[in-house]
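Participant: Encoded as structure tokens, here's the structure I'll be asking about.
So, in structure tokens, the structure goes:
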């Protein structure tokens, strides 16, 4: 009797334990299933021989094969170059894992899919290697953007060269023009020239002048494209312009918690300047503030636009309470093509151009930034 | 305005061909013209003679237009400078603006615009110089020095300002 009851107690205990293991197993499995079904990454598992035994939903999408099609095939067959995939697997075999490898896979349709792959050994309870797990992120788009950026950089360089060439051609063209004008004066004063010859020469001089004029127009247009030649001037209300800028940026502010506060000086703030260029600067500065705030996690996101009237100038400030600019970046933010934004997002042109624009209007941009507190950009421009 | 011959022009541009033709045309028009091909040459010329208007190219090897302009004005405070700038040199043009250029002309410069600018610059120089001369004269008169001293001081002034 005593034995029976202790046996049945033991049985109950084991049954309970088993049930709790079952629950745990079920939870772990659904957790795993949830990851494999929902990740956009390519996650796979192989057996000890490198044959694919599991493939995430994201993996189906990245490679273009369904789970059924893929499982049972050697995983290296999906690499663009199976020969190159072997060393990665081998190094994983040696060290237990291989991280952040650049592995190109081949999509079912033949195109190359660039992946950032990490491989890890799968070890059983006895400590034996039973397979490999791979987690791969599709970075094809990122690679393309990087290539685009190189292309953009090259185009910008070509633009600079073209502007330089146009600039250099200006001088000889000017010499030709002056030489022709001088020759024209000499001809006009010359004695002993036949009427026909005189007319012929005058026509030639005129033609030279007209053609150099044409050259000048071409270089001017090219240089004007490379950079607007000179700012236009008209009376502008800075307050109105800032409000227009906010309206212009409204689509970017939609669906965000960013609040815009206005701390304007009283009345309209009139300056004699170029409204189009000023707006370009404000769009850049406020756009930067929005971008910085979107990177900040917490909810208290605010941009304060302030204006101060000083004797002969006005000061416009754009203050955000985002993460601030790290000290090591502060010296570089006005450098051409310097950007901390991801490839394809920033060109590194905004601030350098803004600085050029403000200087061409006779003003100055300054900034003050503290990490964890925020950044304030100040634009000072003369009233007239 | 007086005779064009009274307007003494100092040309400074490293593009020798250009300077040559502009100088010829200005001379033919009747101006007095000195052509120089670098900032250094221009300063040497300014040490020897007085000029009314300098036409300075902004971009030159060696001493650039900004520095040339500054040193020329140190040597001859009433000298008016017309600065020739290429496209895309707005920053340096503004920098030289701190040196009080009389006017900026975009290259390739329009000859008629240059001539008009030179005449205007000369007028401004005459006015400034005349006003300063009057001021000095009044200062001497107010200083209460004797007739002899005054005559000598005025003679010195005439020499300095080249007027009177």
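Residue numbers (our numbering), protein chains in the order written: chain A, 208 to 591; chain B, 9 to 172. A virtual CB, placed ideally from N, CA and C, is assigned to each residue, including glycine.
(1) Quick check: what's the CA-CA separation for residue 9(B) versus residue 130(B)?
(2) Count the CB pairs spanning the region 382-392 of chain A and the region 20-37 of chain B that are closer than 8 Å, and state whether there are at least three.
(3) Against chain A, with Cβ distances strictly below 9 Å, would residue 30(B) count as a contact?
(4) With 9 Å as the C-beta to C-beta threshold (strictly closer), list the residues of the region 115-136 of chain B near chain A in chain order.
(5) Can you list, in chain order, the residues of its chain with a C-beta nearer than 7 Å to that of residue 274(A)? Leave out the 5 residues immediately preceding and following it.
(6) Using only the alpha-carbon positions, how far apart do residue 12(B) and residue 377(A) sit?
(7) With a cut-off of 8 Å, do at least 3 Cβ pairs link the region 343-352 of chain A to the region 308-322 of chain A?
(8) Can the beta-carbon of residue 295(A) be found closer than 9 Å to that of residue 324(A)?
(9) Keeping to the same chain, check which residues put their C-beta closer than 8 Å to that of residue 123(B); ignore five residues upstream and five downstream.
(10) Looking at C-alpha atoms only, which residue of 83(B), 60(B), 151(B) is the closest neighbour of residue 128(B)?
(11) Measuring alpha carbon to alpha carbon, tell me which of 69(B), 81(B), 55(B) ends up nearest residue 46(B).
(12) Check distances from the C-beta atoms of the region 16-50 of chain B to those of chain A and list, in chain order, the residues that come in under 8 Å.
(13) State yes or no: is the C-beta of residue 496(A) within less than 9 Å of the C-beta of residue 527(A)?
(14) With DSSP collapsed to three states, give me the class of residue 327(A).
(15) Taking DSSP's pairing of strands, which residues face residue 321(A) in a bridge?
(16) List, in order along the chain, the chain B residues whose C-beta lies closer than 8 Å to that of residue 386(A)?
(17) Taking a contact to mean a Cβ-Cβ separation below 9 Å, would you say residue 252(A) touches residue 338(A) in this structure?
(18) Would you say residue 442(A) reaches chain C, if we count a Cβ-Cβ gap shorter than 9 Å as a contact?
(19) Along chain B, which residues have their Cβ under 8 Å away from the Cβ of residue 381(A)?
(20) Is any heavy atom in the ligand PLP found nearer than 8 Å to the beta carbon of residue 59(B)?
(21) Does the separation of the CB atoms of residue 74(B) and residue 44(B) fall below 9 Å?
(22) For residue 423(A), return the contacting residues in chain B, with the cut-off set at a CB-CB distance below 7 Å.
(23) Looking at residue 577(A): is its Cβ nearer than 9 Å to the Cβ of residue 531(A)?
(24) Any beta carbon from chain B within less than 9 Å of residue 392(A)'s own beta carbon?
(25) Is the beta carbon of residue 597(A) less than 9 Å from the beta carbon of residue 516(A)?
(26) If we require 3 or more residues per run, which beta strand (DSSP E) segments fall completely within the region 80-160 of chain B?
(27) Along the beta strand (DSSP E) that carries residue 32(B), what are the first and last residues, could you check?
(28) Can you look up residue 440(A) in the DSSP assignment and give me helix, strand or coil?
Facilitator: To lay it out plainly:
(1) Any reading at residue 9(B) must be qualified, since the residue scores a pLDDT of 47, below 50, and its modelled position is unreliable; the value itself is stated next. The alpha-carbon atoms of residue 9(B) and residue 130(B) are separated by roughly 9 Å.
(2) yes
(3) yes
(4) 115, 116, 117, 119
(5) 262, 267
(6) 29 Å
(7) yes
(8) yes
(9) 34, 37
(10) 60(B)
(11) 69(B)
(12) 23, 25, 26, 29, 30, 32, 33, 36
(13) yes
(14) strand
(15) 311(A)
(16) 25, 29
(17) yes
(18) Absence of chain C from the displayed structure is noted, the protein chains being A and B.
(19) 23, 26, 115, 116, 117
(20) This structure lacks the ligand PLP, and indeed carries no ligand of any kind.
(21) no
(22) 116
(23) yes
(24) yes
(25) The shown model of chain A, from 208 to 591, leaves out residue 597(A), and the question about it has no answer.
(26) 88-93, 111-114
(27) Careful: residue 32(B) lies outside any beta strand (DSSP E), inside the alpha helix (DSSP H) at 24-37.
(28) coil
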